[in-house]
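Engineer: Below is the structure I would like to discuss, written out as structure tokens.
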Amino acid sequence: MKTDSGTVFKHKEVSLKEGFMGFGRWLNEQHQKPASEPRYGCIMMDADIKNWKEYHTAGIEEDDVFIKPYDDSYGLEENPHVTILYGIHEEEVDPQRMGEMLEYYMKPVTLTVSEIGVFEGKEYDVVKYNLPLTGQLQKYRDIFMQIPNTQSFPDYHPHMTLAYVLPGKGAKYKSTLRDPFQVTFTKGVYSWHPNKEKDPDKTSRKVINLVKDGSKN
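In this note's numbering, the protein residues as written are 3 to 219.
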């Protein structure tokens, strides 16, 4: 895969000399970066889930919710999605080109959700639906890994975040669902930081509707 100028895409691996870090620690560090450190782009897929707030995040106890002042990234998740690839070098890609790639390579993905899991961290826990790593998800990740990116964690664990909760509060939400359900991700999304100098935390989203006219999905 190449850029419009003919440059070959390559992904960048972080040195493993110091060993792997736990996923919870990695996830925690992503949200604690000082403004001077790199901000990365992210490819994800959004799902439209009816009654998301009433039937999915309502089970999280209010006193357990982790909230950070002046940062709406935490609390209850309002936008159900699955991340395909985080860590994209934003300066090396064009958002318009990223949108074209999403439209060209992606199709809707339907998955069965059967359990709630948790990523445990020092600052907060992440309560989430565990998602199966299907061939389709792995294919998309492999495709976009050819774009310049940095990875801090070697394995891919697809999930759909429900909420950020206080540390130690996540474990009680782990469970196997009595009634598994299906979810279909119908939008491809590229998220990036358009102005890292003036507003490093502000993000923009390129959203591609993957449901074509006449599609049953």
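For every residue, glycine included, the Cβ atom is placed at its ideal position computed from N, Cα and C.
Tell me whether Lys-52 sits in a helix, a strand or coil according to DSSP, three-state version.
Structural biologist: For the purposes of this step, residue 52 is taken as the residue at position 50 of the sequence shown. Coil.
Engineer: For the alpha helix (DSSP H) containing Arg-41, name the first residue and the last one.
Structural biologist: Taking the first residue of the sequence shown as 1, we reach residue 41 at position 39. Element bounds for Arg-41: n/a, residue is neither H nor E.
Engineer: Mind reading off the beta-carbon distance from Ile-90 to Asn-151? Whole number of angstroms is fine, and I expect it under 8 angstroms.
Structural biologist: Reading the sequence shown from its first residue, position 88 is the one you call residue 90. Reading the sequence shown from its first residue, position 149 is the one you call residue 151. That belief holds up - the Cβ atoms of Ile-90 and Asn-151 are roughly 5 angstroms apart, short of 8 angstroms.
Engineer: What would DSSP say about Met-108, mapped onto helix, strand or coil?
Structural biologist: On the sequence shown, position 106 is the one that residue 108 refers to. The three-state reading of DSSP puts Met-108 in coil, since its state is none of H, G, I, E or B.
Engineer: Report yes or no: is there a C-beta of chain D within less than 8 angstroms of the C-beta of Thr-178?
Structural biologist: Checking the listed chains, one finds no chain D in this structure; it contains a single protein chain.
Engineer: Between the region 162–172 and the region 69–82, are three or more C-beta pairs nearer than 8 angstroms?
Structural biologist: These segments touch.
Engineer: Go ahead and label Ser-193 buried or exposed: buried means 16 or more other beta carbons lie within 10 angstroms of its beta carbon, across all protein chains shown.
Structural biologist: Here residue 193 is taken as the residue at index 191 of the sequence shown, counted from 1. Per the 10 Å Cβ criterion, buried.
Engineer: Hey, out of Asp-201, Gly-172, Lys-176, whose CA is closest to Asp-127's CA?
Structural biologist: As a position in the sequence shown, residue 127 is number 125, starting the count at 1. For Asp-127, the nearest C-alpha among the options comes from Gly-172.
Engineer: At which residues does the beta strand (DSSP E) containing Lys-208 begin and terminate?
Structural biologist: Numbered from its first residue, the sequence shown carries residue 208 at position 206. Counting along the chain, the beta strand (DSSP E) containing Lys-208 begins and ends at 206–211.
Engineer: For my contact list, Leu-135 and Tyr-158 are in at a C-beta cut-off of 8 angstroms; report their separation, rounded to the angstrom.
Structural biologist: Locating residue 135 in the sequence shown gives position 133, where the first residue counts as 1. Locating residue 158 in the sequence shown gives position 156, where the first residue counts as 1. About 6 angstroms separates the two Cβ atoms, so the contact holds.
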